[in-house]
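**Student:**
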Amino acid sequence: MRKTWVKRDNIYYKPFYKQKLKMTLLGVLLMAIVFFGYQIFYIRKEEAAKVAAEPIDDAGNNKVRDEGGGRAATGGNVSSSSITGLGGAFEDSRYVYVEKIGNYEKKILRGIRLRDIDAYSDRTAVVFRCLNGNREISWSRINDDYCDCPEDGSDEPGTNACEKGRFYCRFQKRHQTGRGGYASVPSSWVNDGVCDCCDGSDEWLRSDRNCRNTCKEKFSH
Numbered sequence: 001m002r003k004t005w006v007k008r009d010n011i012y013y014k015p016f017y018k019q020k021l022k023m024t025l026l027g028v029l030l031m032a033i034v035f036f037g038y039q040i041f042y043i044r045k046e047e048a049a050k051v052a053a054e055p056i057d058d059a060g061n062n063k064v065r066d067e068g069g070g071r072a073a074t075g076g077n078v079s080s081s082s083i084t085g086l087g088g089a090f091e092d093s094r095y096v097y098v099e100k101i102g103n104y105e106k107k108i109l110r111g112i113r114l115r116d117i118d119a120y121s122d123r124t125a126v127v128f129r130c131l132n133g134n135r136e137i138s139w140s141r142i143n144d145d146y147c148d149c150p151e152d153g154s155d156e157p158g159t160n161a162c163e164k165g166r167f168y169c170r171f172q173k174r175h176q177t178g179r180g181g182y183a184s185v186p187s188s189w190v191n192d193g194v195c196d197c198c199d200g201s202d203e204w205l206r207s208d209r210n211c212r213n214t215c216k217e218k219f220s221h
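Residue numbers (full-length UniProt numbering): 1 to 221.
#1: For alanine 32, count the other beta carbons within 10 Å of its own beta carbon; 16 or more makes it buried, fewer makes it exposed. Which is it?
#2: Tell me which residues share the same chain as serine 138 and place their Cβ nearer than 8 Å to its Cβ, disregarding the 5 neighbours each side in the sequence.
#3: Taking its Cβ as the centre, do 16 or more other Cβ atoms sit within 10 Å of glutamate 99, making it buried, or is it exposed?
#4: Note the first and the last residue of the continuous beta strand (DSSP E) segment covering lysine 164.
#5: Within the same chain, show all residues whose beta-carbon is closer than 6 Å to that of glutamate 136, passing over the 5 residues directly before and after it, in chain order.
#6: Please return the same chain residues whose Cβ sits closer than 7 Å to the Cβ of serine 188, not counting the five positions on each side in sequence.
#7: Report the three-state DSSP secondary structure of valine 127 (helix, strand or coil).
#8: Under the three-state reduction of DSSP, which class applies to cysteine 217: helix, strand or coil?
#9: Per DSSP, what kind of secondary structure is tyrosine 182 in: helix, strand or coil?
#10: In whole angstroms, give me the CA-to-CA distance for phenylalanine 171 and glycine 200.
#11: Please name the residue or residues paired with leucine 109 in a DSSP beta bridge.
#12: Quick one: what's got a C-beta closer than 8 Å to asparagine 132's C-beta in the same chain, skipping five residues either side?
#13: How big is the Cα-Cα spacing for aspartate 192 and glutamate 203?
#14: When the Cα of cysteine 211 is compared with those of Val194, Phe219, Lys218 and Glu217, which residue comes out closest?
#15: Ignore the nearest five residues each way along the sequence and tell me which others in glycine 75's own chain have a CB closer than 7 Å to its CB.
#16: Keeping to the same chain, check which residues put their C-beta closer than 8 Å to that of tyrosine 146; ignore five residues upstream and five downstream.
#17: Output the distance between the C-alpha atoms of lysine 22 and glycine 158, rounded to the nearest integer angstrom.
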C-alpha cells in the first residue's frame, strides 16, 4: 500500500493565537489605529494654539502692530455660533479679544492658554472647574477680580487677582517641534506699565502704553 503524507496543519486544528503571521498583522493593525487616533486628538488640541501665531492686522487696545495685537470685542460682524459660552464673562468686552478664523470671528478670553480653550466654555459644563483642582464655581465669577481658584488662578486669566495665576500672551509661540512652554507672564505683571509679552498683550488695559511688537524678532524661525 502506498503511503500518502498529509500536513499536520490539515489534521490538527491550530488555535488562532498560535498563528504567528495573523497575530503579527493584528498587532500592527491595532498599533496603527492607536497611533492615528492619537494624532487626530493631538491635531485638534493644537489647532487652537496655531491661531495665536498667525499675523493679525487689526490694532488692539494696547496699539500693538503686526501679529498678536488683538482688539477688544466692541462690535463688528461676529458670528454668534462662533462665540464660546461663559455668559457674564463675555459681557465685559475688556476681557475678550476677537480672533479671525477662516471666514468668521471668535471671541476668546484674554490670558487663557489656547490649549485650554474648551475648559472655558459653558457648553461642556454647567459650572467652571478650576484647572488644578476639583473646585467648581459659577461662570459669572470668571474675571470678577476675586481669586476663587487660589491653586492656579485659572478663574482670573485676565486679571492680577490671583497670586499664583499666569497670564498667557496672545502670541503663544512654541518651538516648531512642539516642545517648550507657552509664552506667559505672572498675573501680577498684567497692566503694570511694563511690556512683558512680545506682542504687548499683557498691557491691554493701559491705553497710554504703546508696546512695540517684537515677536518677529524673537521668533524669527
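Beta carbons are placed, not taken as given, at the ideal position from N, Cα and C, and that holds for glycine.
**Tutor:** If we stick to the structure as given:
#1: Translated into the one-based positions of the sequence shown, residue 32 becomes position 32. Exposed.
#2: The residue given as residue 138 occupies position 138 in the sequence shown. Taken in chain order, the residues that qualify are Val127 and Phe128.
#3: Within the sequence shown, the letter at position 99 stands for residue 99. It counts as buried.
#4: Translated into the one-based positions of the sequence shown, residue 164 becomes position 164. No beta strand (DSSP E) contains lysine 164, which DSSP labels as neither H nor E.
#5: As a position in the sequence shown, residue 136 is number 136, starting the count at 1. Only Val127 and Arg129 meet the Cβ criterion.
#6: Counting from 1 along the sequence shown, the entry for residue 188 is found at position 188. Correct list, in chain order: Asn160.
#7: As a working note, residue 127 is residue 127 in the sequence shown. Here valine 127 carries a coil assignment [DSSP, helix/strand/coil].
#8: Working through the sequence shown from its first residue, we reach residue 217 at position 217. The identity of residue 217 in the sequence shown is glutamate, whereas the question assumes cysteine. Here glutamate 217 sits in helix by DSSP.
#9: Translated into positions along the sequence shown, residue 182 becomes position 182. Here tyrosine 182 sits in coil by DSSP.
#10: Locating residue 171 in the sequence shown gives position 171, where the first residue counts as 1. Locating residue 200 in the sequence shown gives position 200, where the first residue counts as 1. Going from the Cα of phenylalanine 171 to the Cα of glycine 200 covers about 9 Å.
#11: Start at 1 with the first residue of the sequence shown, and residue 109 comes out as number 109. Leucine 109 pairs with Val96.
#12: Here residue 132 refers to the residue found at position 132 when the sequence shown is read from its first residue. These residues qualify, in order along the chain: Cys149, Glu151, Asp152 and Ser154.
#13: Along the sequence shown, read from residue 1 onward, the residue named residue 192 stands at position 192. Along the sequence shown, read from residue 1 onward, the residue named residue 203 stands at position 203. Straight across, the Cα-Cα distance linking aspartate 192 with glutamate 203 is about 7 Å.
#14: Residue numbering aside, residue 211 sits at position 211 when the sequence shown is read from its first letter. Considering only alpha carbons, the answer is Val194.
#15: Along the sequence shown, read from residue 1 onward, the residue named residue 75 stands at position 75. Note that glycine 75 scores a pLDDT of 41, beneath 50, so its modelled location is shaky; the value from the coordinates is reported in the next line. For glycine 75, where only same-chain residues beyond five positions count, there are no Cβ hits under 7 Å.
#16: Taking the sequence shown and counting its residues from 1, one reaches residue 146 at position 146. When the five nearest sequence neighbours on each side are left out, the beta carbons in the same chain lying within less than 8 Å of the beta carbon of tyrosine 146 are those of Glu156 and Ala161, in order along the chain.
#17: Walking along the sequence shown from the start, residue 22 turns up at place 22. Walking along the sequence shown from the start, residue 158 turns up at place 158. Taking the straight line from one Cα to the other gives about 56 Å.
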